[in-house]
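Residue numbers (UniProt numbering), protein chains in the order written: chain Y, 1 to 233; chain D, 1 to 233.
2 protein chains.
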Amino acid sequence: MNSPTFRNWQSVQDEVLRRIHAREWPPGALIPNEADLAIEFGCARSTVNRALRSLAESGWLDRKRKAGTRVAAQPVAKATLDIAVIRHEVEEHGATYGYQLISRSVAVPPAPVSGTMKTRAQDKLLNLRALHLADDAAYAVEDRWINTSVVPDAAAEPFDVLSANEWLMQHAPYTHGDIAFSAVQADQQDSEVLGIAPHSALFAIDRVTWDNAVSVTKVRLLFAPGYKLRTQI
Amino acid sequence: MNSPTFRNWQSVQDEVLRRIHAREWPPGALIPNEADLAIEFGCARSTVNRALRSLAESGWLDRKRKAGTRVAAQPVAKATLDIAVIRHEVEEHGATYGYQLISRSVAVPPAPVSGTMKTRAQDKLLNLRALHLADDAAYAVEDRWINTSVVPDAAAEPFDVLSANEWLMQHAPYTHGDIAFSAVQADQQDSEVLGIAPHSALFAIDRVTWDNAVSVTKVRLLFAPGYKLRTQI
DNA sequence: AATGTCTTTATGTGCGTACATAATAATCTG
DNA sequence: CAGATTATTATGTACGCACATAAAGACATT
Numbered sequence: 001m002n003s004p005t006f007r008n009w010q011s012v013q014d015e016v017l018r019r020i021h022a023r024e025w026p027p028g029a030l031i032p033n034e035a036d037l038a039i040e041f042g043c044a045r046s047t048v049n050r051a052l053r054s055l056a057e058s059g060w061l062d063r064k065r066k067a068g069t070r071v072a073a074q075p076v077a078k079a080t081l082d083i084a085v086i087r088h089e090v091e092e093h094g095a096t097y098g099y100q101l102i103s104r105s106v107a108v109p110p111a112p113v114s115g116t117m118k119t120r121a122q123d124k125l126l127n128l129r130a131l132h133l134a135d136d137a138a139y140a141v142e143d144r145w146i147n148t149s150v151v152p153d154a155a156a157e158p159f160d161v162l163s164a165n166e167w168l169m170q171h172a173p174y175t176h177g178d179i180a181f182s183a184v185q186a187d188q189q190d191s192e193v194l195g196i197a198p199h200s201a202l203f204a205i206d207r208v209t210w211d212n213a214v215s216v217t218k219v220r221l222l223f224a225p226g227y228k229l230r231t232q233i
Numbered sequence: 001m002n003s004p005t006f007r008n009w010q011s012v013q014d015e016v017l018r019r020i021h022a023r024e025w026p027p028g029a030l031i032p033n034e035a036d037l038a039i040e041f042g043c044a045r046s047t048v049n050r051a052l053r054s055l056a057e058s059g060w061l062d063r064k065r066k067a068g069t070r071v072a073a074q075p076v077a078k079a080t081l082d083i084a085v086i087r088h089e090v091e092e093h094g095a096t097y098g099y100q101l102i103s104r105s106v107a108v109p110p111a112p113v114s115g116t117m118k119t120r121a122q123d124k125l126l127n128l129r130a131l132h133l134a135d136d137a138a139y140a141v142e143d144r145w146i147n148t149s150v151v152p153d154a155a156a157e158p159f160d161v162l163s164a165n166e167w168l169m170q171h172a173p174y175t176h177g178d179i180a181f182s183a184v185q186a187d188q189q190d191s192e193v194l195g196i197a198p199h200s201a202l203f204a205i206d207r208v209t210w211d212n213a214v215s216v217t218k219v220r221l222l223f224a225p226g227y228k229l230r231t232q233i
């Protein structure tokens, strides 16, 4: 019985994963170091490194210099969510996407909004309310605030056919964002817009995007009942 | 003005990100190839490759062989969620974790459960209902089904002090899992257990874990109102 | 014009070496 | 013996080269 050689990092990764799943290397166990594994697998250390680094990124391994590599005891499931443009999400389900602007105004936002966006309390922002449709059925209602001092061009945009979602992607640079998911009860207005029973449970996504230290936009999306956000570990 | 040299992949990554954010390379634009960037940055192509690969993984760039690398037009936000053990989640908020087993039985699961778990309709599974507490307040209610034919040891476990969550981590190998997030209305039983108003909107996490082709466990977690799942882009 | 083949090109990856770095273990020092 | 100092060690990364591979584009063929 001769051990096969593992010529690429993917096969090394597969073999390491197999050993973890088979409990040859149980949770918490220290695994051999890169150099030894390279000899065993018949490949270069850099190839082993690539495989182990990838496994560490997806949460299966914990690595520390000098201390070595061990199998994660509590594999903190790192689920990667793809927060796509809503239109793409709808079209991927094979449905026809529709968009309706409900209201557009320039106003001083409520305190919680200016608070999270870190704008001055008296600053006016552009507020949009819109409805996203899938096959003419309400899919999600959007409530958005745009910081026009950061994105001055937005003030001239009607947003009546192109959703702010997509316009901002193209025109507003951002460096990072915060996302929060929660469940909320539909209020009177939301249930009317979505055409659902009052007090229904709605899935909410709150997102704030930033250009370095200044906020670009804040959006709350409320999805019609039945919506599920899926992912894999 | 001489251009500085970028000696490590992180600084190359930072510089590329800077150009993307500054719109020197606008969304959709084709950026120079690795070899040219390596010359410009004064480093090896492999260093540029490492930086660009990393940016592609986090969604800022789209790469295709021969076609080249371009700035993602719709940066599909890849949010990485850390689905931790609930106890850790609670303790990280500085609260004291508590656990209560509500019920434990062996029963034939309802059809939707055996359906998603791909077990035979007549197969009995181990069912657990439990409550997770933070500082003596209800935090989440758990409804779990365990495939005892895959994890026979579970049949002998009382699960009265140690949550199935943590026991399974240590004893049940798994290869992958599916997760879904949604919003649901609390039913009579849930609202009693959580001590909340009936029909409240609850954040739900449904998770099925698999050992290759067979399901290990399916769990639904309903979180008390106010729960938010946060992440960053 | 439609189809199939070949060339070109940019990314993807492997290898071996070298050195950097963090963290532990061993040692020295007051 | 406590605390500071110095090895040791495993991971982290840079480099330069080589070749693999996917896919666009050019070209030839029908």
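Glycine included, every Cβ here is placed at the ideal spot set by N, Cα and C.
Contact between T231/Y and I233/D fails: their C-beta atoms lie close to 15 Å from each other, not under 8 Å. In the three-state DSSP reduction, T116/Y falls in the helix class (H, G or I). Listed by position along chain D, the residues whose Cβ is nearer than 8 Å to that of Y227/Y are S182, A183. Residue contact check for F159/D against chain Y: no CB pair falls below 8 Å.
Interface criterion not met: the Cβ of H93/D is under 8 Å from no Cβ in chain Y. A residue is called buried once 16 or more other Cβ atoms fall within 10 Å of its Cβ, and I102/D, having fewer, is exposed. Around the Cβ of P198/Y, a 10 Å sphere holds fewer than 16 other Cβ atoms; the residue is exposed. Restricted to the region 51-117 of chain Y, the beta strand (DSSP E) segments that are unbroken, complete and at least 3 residues in length are 61-64, 68-71, 77-83, 97-107, listed in chain order. Taking a cut-off of 8 Å on C-beta distances, the region 157-176 of chain D does not touch the region 184-198 of chain D, as fewer than three cross pairs fall below it. For M169/Y, at least one C-beta of chain D is nearer than 8 Å to its own C-beta. DSSP places V193/Y inside the alpha helix (DSSP H), whose first and last residues are 188-194.
In the same chain as T209/Y, and ignoring 5 residues on each side of it, the C-beta atoms closer than 6 Å to its own belong to Y174, G177, V216, T217, in chain order. At a Cβ-Cβ threshold of 8 Å, V151/D and V214/D do not count as neighbours. About 7 Å separates the beta carbons of H93/Y and A134/Y, which is inside the 8 Å limit, making them a contact pair.
Taking 9 Å as the upper bound on Cβ-Cβ separation, chain D lies near residues E57, G59 of the region 34-64 of chain Y.
Taking the Cβ atoms as the reference, A204/D lies roughly 11 Å from L229/D, outside the contact range of under 8 Å. Scanning the region 146-218 of chain D for uninterrupted alpha helix (DSSP H) segments of 4 residues or longer gives 164-171, 188-194, listed from N- to C-terminal end. Not flagged as an interface residue toward chain Y: T116/D, since no C-beta distance is shorter than 8 Å. When C-beta distances to chain D are compared with 9 Å, the residues of the region 82-114 of chain Y below that value are D82, I83, A84, V85, H88, in chain order.
For A38/D, there is no enclosing beta strand (DSSP E); the enclosing alpha helix (DSSP H) has its first and last residue at 34-41.
Shortest Cα-Cα distance from Y99/Y to any of A140/Y, W60/Y, V219/Y involves A140/Y. For Q232/D, the enclosing beta strand (DSSP E) covers residues 228-232. For R129/D, no alpha helix (DSSP H) segment is defined; the enclosing uninterrupted segment is the beta strand (DSSP E) at 125-134. For P27/Y, a Cβ of chain D is located within less than 8 Å of the residue's own Cβ. Taking a Cβ-Cβ cut-off of 9 Å, the neighbours of L202/D in chain Y comprise A183, A201, given in sequence order.
Residue pairing from DSSP leaves D14/Y without any beta-bridge partner.
Just measuring C-alpha positions, the residue of L125/Y, V106/Y, S105/Y, R104/Y sitting nearest S114/Y is L125/Y. Inter-residue distance for R45/Y and N8/Y is about 11 Å (C-alpha atoms, whole angstroms).
At least one CB atom of chain Y sits nearer than 8 Å to the CB of P173/D.
Chain order gives the chain D residues near I179/Y as A77, A79, R230, T231, Q232, I233, where near means a beta carbon separation below 8 Å. Flagged as an interface residue toward chain Y: R23/D, by a C-beta distance shorter than 8 Å. Along the region 120-148 of chain D, there is no position whose C-beta sits under 7 Å from a C-beta of chain Y. Each of D211/D, A35/D, T69/D, P109/D was checked against the Cα of L128/D, and the nearest Cα belongs to P109/D. For Q10/D, no chain Y residue has a Cβ inside 7 Å of its Cβ, as the nearest lies near 14 Å away.
For R220/Y, the secondary structure class from DSSP, reduced to helix, strand or coil, is strand.
The beta-carbon of Q74/Y is placed less than 8 Å from the nearest beta-carbon of chain D.
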